[in-house]
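Novice: Have a look at this one.
In the working numbering, the protein residues as written are 13 to 65.
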């Protein structure tokens, strides 16, 4: 989740945009350590909760 937060900052993505990018861009999933076929991707609300910690 920390890598997702970094990507949001680097690319200026909102929580919904980050969720969509993780679904659409395999390289993003690989960078954050998620396998789209085997692992459930975090949704917008999960990304928001973690970013507020």
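Think of the CB as a built atom: it goes at the ideal place given N, C-alpha and C, for glycine as much as any other residue.
#1: DSSP three-state call for residue 13: helix, strand or coil?
#2: Give the C-beta separation of residue 44 and residue 16 to the nearest angstrom, bearing in mind that I take them to be a contact with Cβ-Cβ under 8 Å.
#3: Can you tell me whether residue 60 is helix, strand or coil according to DSSP?
#4: Who are the Cβ neighbours of residue 20 in its own chain at under 6 Å, not counting the five residues just before and after it?
#5: Quick check: residue 25 and residue 53, are their CB atoms within less than 8 Å of each other?
Specialist: Taking the coordinates as given:
#1: Counting from 1 along the chain shown, the entry for residue 13 is found at position 1. Correct three-state label for residue 13: coil.
#2: Along the chain shown, one-based indexing puts residue 44 at 32. Along the chain shown, one-based indexing puts residue 16 at 4. Yes, they are in contact, since the Cβ atoms of residue 44 and residue 16 sit about 5 Å apart, within 8 Å.
#3: Position 48 of the chain shown, counted from the start, is the residue given in the question as residue 60. Reduced to three states, the DSSP call for residue 60 is helix.
#4: Translated into positions along the chain shown, residue 20 becomes position 8. Once the five neighbours on either side are set aside, the close Cβ partners of residue 20 are 30.
#5: Counted from its first residue, the chain shown places residue 25 at position 13. Counted from its first residue, the chain shown places residue 53 at position 41. Against a cut-off of 8 Å, the Cβ pair of residue 53 and residue 25 comes out as no contact.
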